[in-house]
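Engineer: Take a look at the following structure, please.
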Amino acid sequence: MVKIVLLIIVVIFFAMNMGASGIAPSFSSIYGSRLIRRKHALILFGLFVVLGGILLGRNVAFTLGKNLLPKGLVTFDIALIILTAASLGLFLANMLKIPQSTSQVTVGAIVGAGIYFKHLHLKTLILKILPMWVILPLLSYALTLWIYRKIYPPEHDNLHIYQKLFANEKKLRLSAIIVSCYVAFAIGTNNVGNAVGPLFGAGLIGINSGLLLVSPIFGLGALVLGKGPLQTAGKEIVPLGLFSSTLISFVTATLLIFASLLGIPQSLVQLNLSSIFAVSCLKNGHQHTWDHRVIQKTFIVWLITPLISVVIAYLLLFLFIRR
């Protein structure tokens, strides 16, 4: 009974931290450009995460539950340790006010368990997951850079684009909000599976019921813990206008849904910030962007927290689980 209560607490804690991290890439763009209040962003975020999780969240949950560790290896205790390790890694990033990848800390915790038991499906990790972790953020950066160069800086050849944008400012505002909801939906398709996958792998819950139960906790986490990451991504890297907000959201959400359909646990946070970096590079120059204190801190946290999840999972298994 004690273990069951503890597992419930860990799942809630993990999902809340994922919600806090997820609110930044979904609504930081329009929040930073003052198109929406934080309260309204939180409500819309929670609603569309639930929809995304229920409709398209199965593939990622299955990958994390069945395709990284051998069938039958994950028990109740191991699932509890995996989620605990991932939660601690993500909580650390949130306390540092850096949006972090829920997917990477979860995969890190699962890899820690695989290393401990000396049973890990390296083919899935090395040939499927890791390449996408590199390719998709680079693609997010490149696509945003390529598209944004079409309108920035303002020149004779692109003034007609500016005229159309300003003439349809109300429609552009609405589009920005719709696309942010699209991002929240994309988060549901991918990141909800991070909490559900280990539970499904241990046979503790079905995928559909798990997605339905865990998704609403994301919204609660965004409400309680999401202010810091939202502030960092929305206002401290580069001021974002209507067009750049919409562009960033659309590019990153589309890439994340693509990853979800492939069953890849992918970081929307990194897709989003890679896109924001592209806008900053065009506006402020590459050197100024990469010298920015927040960006340097972000990359350090991105590197460290998945490794922390690996180490925590390994140590907890070493202390409490016999091979």
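Note that this note's numbering has the sequence shown beginning at 113, numbered continuously upward.
We treat Cβ as the ideally placed atom computed from N, Cα and C, and that holds for glycine.
Since we're looking at a predicted model, the values are computed, not measured.
Taking the beta carbon of residue 408 as the centre, do at least 16 other beta carbons fall within 10 Å, making it buried, or is it exposed?
Structural biologist: Position 296 of the sequence shown, counted from the start, is the residue given in the question as residue 408. Per the 10 Å Cβ criterion, exposed.
Engineer: Distance check for residue 189 and residue 427, CA to CA, integer angstroms please.
Structural biologist: Locating residue 427 in the sequence shown gives position 315, counting from the first residue. Locating residue 189 in the sequence shown gives position 77, counting from the first residue. Distance between the alpha carbons of residue 427 and residue 189 is about 14 Å.
Engineer: Nearest-angstrom Cα distance between residue 250 and residue 113?
Structural biologist: The residue labelled residue 250 in the question sits at position 138 within the sequence shown. The residue labelled residue 113 in the question sits at position 1 within the sequence shown. Those two C-alpha atoms are separated by around 46 Å.
Engineer: Considering Cα atoms alone, identify which of 202, 225, 324, 219 is closest to residue 238.
Structural biologist: In the sequence shown, counting from the first residue as 1, residue 238 sits at position 126. Comparing Cα-Cα distances from residue 238 to each of 202, 225, 324, 219, the minimum goes to 219.
Engineer: Any contact between the region 385-402 and the region 187-204? By contact I mean 3 or more CB pairs, one from each, below 8 Å.
Structural biologist: Segments in contact, no.
Engineer: Does the Cβ of residue 258 have 16 or more other Cβ atoms within 10 Å, making it buried, or fewer, making it exposed?
Structural biologist: Counting from 1 along the sequence shown, the entry for residue 258 is found at position 146. Exposed, because fewer than 16 other Cβ atoms sit within 10 Å of the Cβ of residue 258.
Engineer: Is the CB-CB distance between residue 134 and residue 310 below 8 Å?
Structural biologist: Reading the sequence shown from its first residue, position 22 is the one you call residue 134. Reading the sequence shown from its first residue, position 198 is the one you call residue 310. Not closer than 8 Å, so no.
Engineer: Report yes or no: do three or more beta-carbon pairs, one from the region 323-340 and one from the region 121-135, lie closer than 8 Å?
Structural biologist: In short, these stretches touch, since the Cβ pair count reaches three.
Engineer: Nearest-angstrom Cα distance between residue 350 and residue 201?
Structural biologist: As a working mapping, residue 350 is identified with position 238 in the sequence shown. As a working mapping, residue 201 is identified with position 89 in the sequence shown. Here residue 350 scores only 49 on pLDDT, less than 50, and its place in the model is too uncertain to base an answer on.
Engineer: For the alpha helix (DSSP H) containing residue 306, name the first residue and the last one.
Structural biologist: As a position in the sequence shown, residue 306 is number 194, starting the count at 1. Start and end: 304-313.
Engineer: Buried or exposed: residue 170, going by 16 or more other Cβ atoms within 10 Å of its Cβ?
Structural biologist: Position 58 of the sequence shown, counting from 1, holds the residue named residue 170. So residue 170 ends up on the buried side.
Engineer: Using the Cα positions of residue 298 and residue 172, report the straight-line distance between them to the nearest angstrom.
Structural biologist: Within the sequence shown, numbered from 1, the residue matching residue 298 stands at position 186. Within the sequence shown, numbered from 1, the residue matching residue 172 stands at position 60. Approximately 12 Å, taken between the alpha carbons.
Engineer: Can you tell which of 383, 285, 356, 372 has its C-alpha closest to the C-alpha of residue 364?
Structural biologist: Here the question's residue 364 lines up with position 252 in the sequence shown. Checked all of 383, 285, 356, 372; the closest Cα to residue 364 is 383.
Engineer: Does the contact criterion of 3 or more C-beta pairs under 8 Å hold for the region 321-333 versus the region 217-232?
Structural biologist: Because the criterion of three Cβ pairs below 8 Å is not met, the region 321-333 and the region 217-232 do not touch.
Engineer: Using DSSP with H/G/I as helix, E/B as strand and the rest coil, what is residue 408?
Structural biologist: Residue mapping note: residue 408 aligns to position 296 of the sequence shown, counting from 1. Looking at residue 408 - three-state DSSP - the assignment turns out to be helix.
Engineer: Would you mind reading off the limits of the alpha helix (DSSP H) that contains residue 249?
Structural biologist: Position 137 of the sequence shown holds residue 249. From DSSP, the alpha helix (DSSP H) with residue 249 extends over 242-260.
Engineer: Give the range of the alpha helix (DSSP H) segment to which residue 438 is assigned.
Structural biologist: Residue 438 lies beyond the stretch modelled for the chain, which goes from 113 to 435, so this question has no answer here.
Engineer: Taking Cβ to Cβ, would you say residue 138 is nearer than 8 Å to residue 296?
Structural biologist: Walking along the sequence shown from the start, residue 138 turns up at place 26. Walking along the sequence shown from the start, residue 296 turns up at place 184. Yes, they are a contact pair.
Engineer: By DSSP, does residue 299 sit in helix, in strand, or in coil?
Structural biologist: As a working note, residue 299 is residue 187 in the sequence shown. Looking at residue 299 - three-state DSSP - the assignment turns out to be helix.
Engineer: If distances are taken between C-alpha atoms only, which option among 303, 174, 326 comes closest to residue 119?
Structural biologist: Taking the sequence shown and counting its residues from 1, the one referred to as residue 119 is at position 7. When only C-alpha atoms are compared, the closest one is 326.
Engineer: Which same chain residues, not among the five before or five after residue 203, have their C-beta less than 8 Å away from its C-beta?
Structural biologist: As a working mapping, residue 203 is identified with position 91 in the sequence shown. Counting only Cβ-Cβ distances below 8 Å, and skipping sequence neighbours, we find 125, 129.
Engineer: Which term fits residue 308, buried or exposed, when burial requires 16 or more other beta carbons within 10 angstroms of its beta carbon?
Structural biologist: Translated into the one-based positions of the sequence shown, residue 308 becomes position 196. So residue 308 ends up on the buried side.
Engineer: Determine the burial state of residue 158: buried for a count of at least 16 other Cβ atoms within 10 Å of its Cβ, exposed for fewer.
Structural biologist: Numbered from 1 along the sequence shown, position 46 holds the residue referred to as residue 158. Counting Cβ neighbours within 10 Å, residue 158 comes out buried, since at least 16 surround it.
Engineer: Quick test of your reading: residue 214 and residue 179, contact by CB under 8 Å. State the CB separation rounded to the nearest angstrom.
Structural biologist: Stepping through the sequence shown from its first residue, residue 214 is reached at position 102. Stepping through the sequence shown from its first residue, residue 179 is reached at position 67. That pair is no contact at about 18 Å.
Engineer: Check for me: the alpha helix (DSSP H) holding residue 382 runs from which residue to which?
Structural biologist: To locate residue 382, count along the sequence shown from 1; it is residue 270. It spans 380-396 - the alpha helix (DSSP H) in which residue 382 sits, taken as one unbroken run.
Engineer: Distance, Cα to Cα, residue 361 vs residue 292?
Structural biologist: The residue labelled residue 361 in the question sits at position 249 within the sequence shown. The residue labelled residue 292 in the question sits at position 180 within the sequence shown. Computed Cα separation, rounded: 6 Å.
Engineer: Considering only their Cβ atoms, is the gap separating residue 160 from residue 300 smaller than 8 Å?
Structural biologist: Counting from 1 along the sequence shown, the entry for residue 300 is found at position 188. Counting from 1 along the sequence shown, the entry for residue 160 is found at position 48. Yes, the pair counts as a contact, with Cβ atoms nearer than the cut-off.
Engineer: Do residue 245 and residue 392 have their CB atoms nearer than 8 Å?
Structural biologist: Walking along the sequence shown from the start, residue 245 turns up at place 133. Walking along the sequence shown from the start, residue 392 turns up at place 280. No, the Cβ-Cβ distance between residue 245 and residue 392 is not below 8 Å.
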